[in-house]
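2 protein chains.
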Amino acid sequence: MLDDRKLDVLRAIVEDYVRTQEPVGSKTLVERHSLGVSPATVRNDMAVLEEEGFITQPHTSAGRIPTDKGYRLFVDKLTSLKPLTGAEKRAIATFLQGAVDLDDVVHRSVRLLAQLTKQVAIVQYPTLSRSTVRHVEVVMLTSDRLLLVLITSSGRVEQRVIELPRALDDETVAELRARLNTAVVGQPLTDAAARVTSLPEAFHRDDKTIVTQVVAAFAGAVADERSDEKVAIGGTANLVRFGEDFDRSIKPLLEALEEHVVLLRLLGEATSPSLVTVRIGHEVPHAQLAATSVVATSYGPDEHPLATLGVVGPTRMDYPGSMAAVNAVARYVSQILSDA
Amino acid sequence: MLDDRKLDVLRAIVEDYVRTQEPVGSKTLVERHSLGVSPATVRNDMAVLEEEGFITQPHTSAGRIPTDKGYRLFVDKLTSLKPLTGAEKRAIATFLQGAVDLDDVVHRSVRLLAQLTKQVAIVQYPTLSRSTVRHVEVVMLTSDRLLLVLITSSGRVEQRVIELPRALDDETVAELRARLNTAVVGQPLTDAAARVTSLPEAFHRDDKTIVTQVVAAFAGAVADERSDEKVAIGGTANLVRFGEDFDRSIKPLLEALEEHVVLLRLLGEATSPSLVTVRIGHEVPHAQLAATSVVATSYGPDEHPLATLGVVGPTRMDYPGSMAAVNAVARYVSQILSDA
DNA sequence: ATTGGCACTCACGGAACTTGAGTGCCAGCG
DNA sequence: CGCTGGCACTCAAGTTCCGTGAGTGCCAAT
Chain A
-18 MLDDRKLDVL
-8 RAIVEDYVRT
2 QEPVGSKTLV
12 ERHSLGVSPA
22 TVRNDMAVLE
32 EEGFITQPHT
42 SAGRIPTDKG
52 YRLFVDKLTS
62 LKPLTGAEKR
72 AIATFLQGAV
82 DLDDVVHRSV
92 RLLAQLTKQV
102 AIVQYPTLSR
112 STVRHVEVVM
122 LTSDRLLLVL
132 ITSSGRVEQR
142 VIELPRALDD
152 ETVAELRARL
162 NTAVVGQPLT
172 DAAARVTSLP
182 EAFHRDDKTI
192 VTQVVAAFAG
202 AVADERSDEK
212 VAIGGTANLV
222 RFGEDFDRSI
232 KPLLEALEEH
242 VVLLRLLGEA
252 TSPSLVTVRI
262 GHEVPHAQLA
272 ATSVVATSYG
282 PDEHPLATLG
292 VVGPTRMDYP
302 GSMAAVNAVA
312 RYVSQILSDA
Chain B
-18 MLDDRKLDVL
-8 RAIVEDYVRT
2 QEPVGSKTLV
12 ERHSLGVSPA
22 TVRNDMAVLE
32 EEGFITQPHT
42 SAGRIPTDKG
52 YRLFVDKLTS
62 LKPLTGAEKR
72 AIATFLQGAV
82 DLDDVVHRSV
92 RLLAQLTKQV
102 AIVQYPTLSR
112 STVRHVEVVM
122 LTSDRLLLVL
132 ITSSGRVEQR
142 VIELPRALDD
152 ETVAELRARL
162 NTAVVGQPLT
172 DAAARVTSLP
182 EAFHRDDKTI
192 VTQVVAAFAG
202 AVADERSDEK
212 VAIGGTANLV
222 RFGEDFDRSI
232 KPLLEALEEH
242 VVLLRLLGEA
252 TSPSLVTVRI
262 GHEVPHAQLA
272 ATSVVATSYG
282 PDEHPLATLG
292 VVGPTRMDYP
302 GSMAAVNAVA
312 RYVSQILSDA
């Protein structure tokens, strides 16, 4: 049904359309690509491709543009990761090298991705369900306020200020700190809360209620850290390249970008790293974003994907380039995170 | 030169134009506002106002629109803070009440401001030059990596991972922690770095170099925390209301929103709280943003402004409303921060 | 000083027309 | 049988050409 030449035609259509943003006709197609056949032949092939639903005409007597199905075929079969140029590789390396902080890594990644792909980039902060408690710090701020700091193995810090009815003396604070740490250090976050429930019992009755309060705050901090689904966004300015159709394509996307929950759905379930997921148009799990595509992959040290990162753009995007950039950045970030 | 009626006319023009986004003519003006005079009179007044540079015509035979100078006069002389409705006050209270975290306060404020003003909201994180060191925590992560955590009086936490040539034993870590804390706890961040420079001398020569390393990292953390100029942004989706002129008004703003440095310049030097600063069009310190205005004020407990927050929008914005909202949110946030 | 009247201007919108890229179909050719 | 050149047809987008009306500036009269 679809012989090699028809696939070549489809590929050519996708490439041209992505580049020019204009429907592409048979004549211009044979001019730009050396297909070795005449426009008439291409027209016949196009007719078949259209019948099969891979391309469509915006209106009669216009060129063809790929459908979502067409892009899908293109991505699945007709392209492989476009190798990065040396300059791009260097850019990635230098850009991410200087990062100190986890925050810093995330922010740099976002900017880098946005710059490489000229799209809107999204990087999810590493989820920490797999990480463990590194240290718990307890310190009195004032006579009636206590600060609880939770440090995780991936270097993130969660803090809680707790209002107390009265001050705890230094000794009790030290004991609390010690007991908390023995109970949870090295434990995965998933277990941490359970390990401290019985902690208040070890304390003198006057302190018991206070310790209960602290334990509750600790559990809250852990829960927050685990469910923490922060994302960083960059490259919104690239939205201008979306073209004219403001209300239908840009507005919903801008709205989605404010709804981090939606974004997380967009990034989707983490597949294994080095496997880039592409969602095209209607495949995106959000009705408003039928004209946008998402290219994402997960990242993280080893085979434990920590989180996802990717780019969002119009369905007419440079898939090979975006996929390559997303993949490369994800791998570099993974590497940096496992080093650190 | 400008009698009361002319000022009334200007006010009416600004209000109408802000509402309708269309040039306003003499006839519609007298219809909508009860000025008590005929259109011809208004026309004469308009001619004067135009001569003085307060209003202009986009083209001959169109209505008038305010110039930046016109808005300026309007803001300075013709308006006072529009009192908030009860619903708005309640919204502010409930919205900000539930905040736990400093991050949370900032994020909620941004969303709140964006919602109230239907503009793009910017909230600068409290700068901490005035805050003091609350606690310093030192903990070995692995045998060759040490974590340094700096906790400030305003509840922010800065962390540093330091790669060491070899492990420090628990005892030395404890001593280091103790010495660091005695040296800097309670000290303003501005002095903290200077207070630890001589710290290595107290240690055994083998540990000296390591401690020097830690001290350097500490100084870095302090510096980072002081110069930390993070901002949170919200309401980008409101940009759609900017109207059609995409490339000239929206694109540069989107770009500016990515450049946090630019944003901080926009928010401007902190004036005293409860004094709302308005920058209109060309007054904004960024050539690309000649069509946008910034309404900002500083916030923070007492008379120590910690940071600024505000909204950015088209010059044709609802100044009284925005100013009131910005002011109200700033005062609430200040209150919450001084409570916490 | 204010007003009604009047001639003038010009952006905007619709109608009619032209242009040209692109298509589908078909008959002929290797 | 697949490919090609030719041809008639379609239709979005651009162009030109009014007509309309909101709005202005000026002036003489109150």
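Chains as they are written, first to last, in the working numbering: chain A, -18 to 321; chain B, -18 to 321.
Even for Gly, the Cβ is constructed at its ideal location relative to N, Cα and C.
On a predicted model such as this, the values are computed, not experimentally measured, just so you know.
By Cβ distance below 6 Å, which residues in the same chain neighbour residue i in space, the five residues on each side in sequence not counted?
i: residue 330(A); result: Because chain A spans -18 through 321 in this model, residue 330(A) falls outside it and cannot be assessed.
i: residue 276(A); result: 259, 291, 292, 303, 304 and 307
i: residue 211(B); result: 106
i: residue 246(B); result: 266
i: residue 158(B); result: 119
i: residue 223(B); result: 230, 231 and 295
i: residue 301(A); result: 60 and 63
Taking 7 Å as the limit between beta carbons, can you name the residues of its chain near residue i, skipping five residues before and five after?
i: residue 298(A); result: -1, 100 and 274
i: residue 315(A); result: 254, 280, 281 and 282
i: residue 89(B); result: 76, 77 and 80
i: residue 37(B); result: 31, 45, 46 and 48
i: residue 272(A); result: 229, 230, 262, 295 and 296
i: residue 153(B); result: 188
i: residue 164(A); result: 176, 177 and 180
Taking the alpha-carbon of residue i as reference, which of the options has the nearest alpha-carbon?
i: residue 142(B); options: 106(A), 236(A) and 82(A); result: 82(A)
i: residue 93(A); options: 189(A), 237(A) and 215(A); result: 215(A)
i: residue 105(A); options: 286(A), 234(A), 188(A) and 128(A); result: 286(A)
i: residue 68(A); options: 317(A), 36(A), 319(A) and 306(A); result: 306(A)
i: residue 192(A); options: 258(A), 129(A), 207(A) and 42(A); result: 129(A)
i: residue 256(A); options: 230(A), 291(A) and 266(A); result: 291(A)
i: residue 231(B); options: 11(A), 239(A) and 219(A); result: 219(A)
i: residue 102(B); options: 301(B), 289(B), 263(B) and 28(B); result: 289(B)
i: residue 71(A); options: 60(A), 97(A) and 236(A); result: 97(A)
i: residue 139(B); options: 146(B), 151(B) and 207(B); result: 207(B)
i: residue 240(B); options: 57(B), 261(B) and 213(B); result: 213(B)
i: residue 190(A); options: 146(A), 59(A) and 53(A); result: 146(A)
i: residue 35(B); options: 56(B), 20(B) and 42(B); result: 56(B)
i: residue -15(A); options: 4(A), 17(A) and 12(A); result: 17(A)
i: residue 59(A); options: 183(A), 95(A), -10(A) and 233(A); result: -10(A)
i: residue 203(B); options: 264(B), 221(B), 3(B) and 168(B); result: 168(B)
i: residue -17(B); options: 29(B), 74(B), -8(B) and 10(B); result: 29(B)
i: residue 15(B); options: -7(B), 3(B) and 74(B); result: -7(B)
i: residue 185(B); options: 149(B), 236(B), 172(B) and 6(B); result: 149(B)
i: residue 2(A); options: -12(A), 23(A), 27(A) and 39(A); result: 39(A)
i: residue 183(B); options: 200(B), 23(B), 73(B) and 156(B); result: 156(B)
i: residue 26(B); options: -13(B), 318(B), 19(B) and 12(B); result: -13(B)
Taking 6 Å as the cut-off, is the C-beta of residue i nearer than that to any heavy atom in the ligand SAH?
i: residue 239(A); result: This structure simply doesn't include the ligand SAH, nor any ligand for that matter.
Cutting at 8 Å between CB atoms, please list the residues of its own chain near residue i, excluding the five before and the five after it.
i: residue 133(B); result: 109, 112, 113, 114, 115, 139, 170 and 206
i: residue 198(A); result: 129, 141 and 143
i: residue 13(B); result: -7 and -3
What are the complete alpha helix (DSSP H) segments, minimum 4 residues, inside the segment 72 to 112 of chain B?
-> 83 to 98
Closer than 9 Å, Cβ to Cβ, to anything on chain A: give me those residues from the segment 71 to 92 of chain B, in chain order.
-> 81, 82, 83 and 92
Do the segment 42 to 59 of chain A and the segment -10 to 5 of chain A meet, that is, are 3 or more Cβ pairs less than 8 Å apart?
-> yes
Would you check if there are 3 or more beta carbon pairs closer than 8 Å linking the segment 303 to 315 of chain A to the segment 278 to 288 of chain A?
-> yes
Can you check the segment 160 to 226 of chain A for any alpha helix (DSSP H) of at least 4 residues that lies completely inside it and give the ranges in chain order?
-> 170 to 176 and 186 to 208
Any beta strand (DSSP E) of 3 or more consecutive residues that is wholly inside the segment -15 to 32 of chain A | none
Identify each residue in the segment 235 to 246 of chain A for which the Cβ-Cβ distance to at least one residue of chain B is less than 8 Å, and report them in chain order.
-> 235, 236, 238 and 239
Residues of the segment 193 to 220 of chain B with a CB closer than 7 Å to any CB of chain A: list them in chain order, please.
-> 215, 217, 218 and 220
Given a limit of 7 Å on CB to CB distance, which residues of the segment 112 to 138 of chain A reach chain B?
-> 115, 116, 118, 120, 122, 128, 130, 132, 136 and 138
Of all the residues that make up the segment 45 to 68 of chain B, which are near chain A by a beta-carbon distance shorter than 9 Å?
-> none
Name the residues in the segment -14 to 18 of chain A whose C-beta lies less than 9 Å from a C-beta of chain B; which are they?
-> none
Along the segment 137 to 166 of chain B, what residues have a CB closer than 8 Å to any CB found in chain A?
-> 138, 140, 141 and 142
Interface positions of the segment 92 to 109 of chain B facing chain A (Cβ-Cβ less than 7 Å), listed along the chain | none
Quick one: complete beta strand (DSSP E) runs, 3+ long, within the segment 263 to 309 of chain B?
-> 273 to 280 and 288 to 295
Segments assigned alpha helix (DSSP H), at least 4 residues, entirely inside the segment 231 to 261 of chain B = 232 to 239 and 241 to 248
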